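**Q**
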Amino acid sequence: MHGAAPAFAAACCFGCMAALVKLASAEASFQLLVFLRAFFGLCVVAPFALSQGIHYLKTARIRLHVLRAIVSTCALSCFYFAVSQIGLAESLVLNASSPLFIGMIAIFLLDENLDRRTIFALGIGFLGVVLLLKPSVGVFQVGAIVGAFSGVFIALGKVFIRKMADTEPVLRIVFYFGLFSTFICMLPLIWLWEIPSRFVVACMLAGAALGTVGQIFLTYAFSRNRAARVAPFTYVSVVFGGFLGWVIWDELPDNLTIAGTVLVMSGCLLMLSKPQQSGPWLESKSINNVP
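For what it's worth, my numbering labels the leading residue of the sequence shown as 3, then goes sequentially.
#1: Report yes if the CB atom of F83 is closer than 8 Å to the CB atom of F32, and no otherwise.
#2: For the pair the segment 141-160 and the segment 15-35, tell me if three or more CB-CB distances fall below 8 Å.
#3: Identify whether Y178 lies in helix, strand or coil by the three-state DSSP scheme.
#4: Do A157 and S100 have their CB atoms nearer than 8 Å?
#5: For W195, which three-state DSSP category applies?
#6: Cα separation between L66 and G180?
#7: Residue ranges of each alpha helix (DSSP H) run of no fewer than 4 residues wholly in the segment 56-136, ordered along the chain?
#8: Looking at the structure shown, is Y222 part of a helix, part of a strand, or coil, going by DSSP?
#9: Measure the CB-CB distance between T75 and S199 and report whether it falls below 8 Å.
#10: Could you give the distance in angstroms between the alpha-carbon of A123 and the alpha-carbon of E92?
#11: Pick from V132, E170 and T169: whose alpha carbon is nearest that of L258?
#12: According to DSSP, is T263 part of a helix, a strand, or is it coil?
#13: Three or more beta-carbon pairs under 8 Å between the segment 262-274 and the segment 37-56, yes or no?
#14: Throw me the rounded Cβ distance for the L207 and M19 pair, which I believe falls under 8 Å.
#15: Using a Cβ-Cβ cut-off of 8 Å, state whether Q143 counts as contacting chain B.
#16: Pull up the distance between the alpha-carbon of G105 and that of T120, whole angstroms please.
#17: Could you give the distance in angstroms between the alpha-carbon of V241 and the alpha-carbon of I197?
#18: According to DSSP, is P234 helix, strand or coil?
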């Protein structure tokens with residue numbers, strides 16, 4: 003399959019990017035890391051967007067761009083916080099649970115039919131999320147709960163992207179996300195500003211570069227095949243992230259993590275392989291969840 007190799011490469015890029023965030027989180031707050039990721043991402047995409055001319059940036063969907071930037075910045079913040087608090091593989095799989103939440107949005111907001119396949123997929127998927135939250139005497143891990151919310155916000159962000167897709171090219175959407183997200187991320191730094199070390203800056207610069215390369219690979223993969231066929235390869239980021247977590251931080255998944263990961267990935271893949279009626283909301287050109 004033509005899209006398999008680039009999808010695999012994209013997943014490795016995203017796994018490495020998450021590992022760099024975890025390394026940087028040992029020296030800097032997640033608020034600063036989110037700002038640096040947004041700013042460096044804007045620096046990468048701005049030259050390409052501006053080279054198209056000022057007219058290219060004109061848009062009648064500015065409200066949707068702002069809403070998308072808000073929810074995607076929340077997703078980024080939740081993911082980075084989770085990476086700093088729990089295992090790398092756990093944060094990646096919770097972040098990758100967005101197809102489950104997109105399914106819920108489709109049911110409650112878009113009146114999609116709730117068939118047996120959907121019920122089964124959502125059931126096993128959300129059971130996996132619960133296992134990843136590590137319930138212990140009625141108490142859940144805060145980092146895991148926040149990580150699960152990254153999946154919720156990513157799902158909302160994809161809804162806004164789909165609403166804009168009929169008039170807004172991808173480069174314009176990415177540019178406005180970087181622009182508005184950078185300004186949003188500046189707000190908490192008014193009170194929490196810290197001077198990042200060279201190591202932190204290097205990690206986030208490399209992370210921005212890997213994220214950009216990963217998106218290029220992923221876009222190519224989805225341009226060659228349907229999302230349902232490419233999706234399994236994108237979840238390699240969870241496995242690769244788990245490998246890096248073991249090598250760098252000696253993180254070994256316990257039974258709950260393994261079972262939860264299998265259930266979440268199974269539920270997501272079932273949702274992504276649904277028939278065409280679920281079309282635009284699940285058959286997205288980019289199902290990647292890592293910000």
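We put the CB at the ideal spot given by N, CA and C, even for glycine.
Small disclaimer: the values here were computed from a predicted structure and weren't measured.
**A** Straight from the coordinates:
#1: yes
#2: no
#3: helix
#4: Cβ atoms of A157 and S100: closer than 8 Å.
#5: coil
#6: 14 Å
#7: 64-87, 90-97, 100-110 and 118-134
#8: helix
#9: For T75 and S199, no; Cβs fall outside 8 Å.
#10: 20 Å
#11: Comparing Cα-Cα distances from L258 to each of V132, E170 and T169, the minimum goes to V132.
#12: helix
#13: No: fewer than three Cβ pairs fall under 8 Å.
#14: No, L207 and M19 are not in contact; Cβ-Cβ is about 11 Å, not under 8 Å.
#15: In the structure shown, chain B does not exist; there is a single protein chain.
#16: 8 Å
#17: Answer to the nearest angstrom: the Cα atoms are 33 Å apart.
#18: DSSP, reduced to helix, strand and coil, places P234 within a helical segment of the structure shown.
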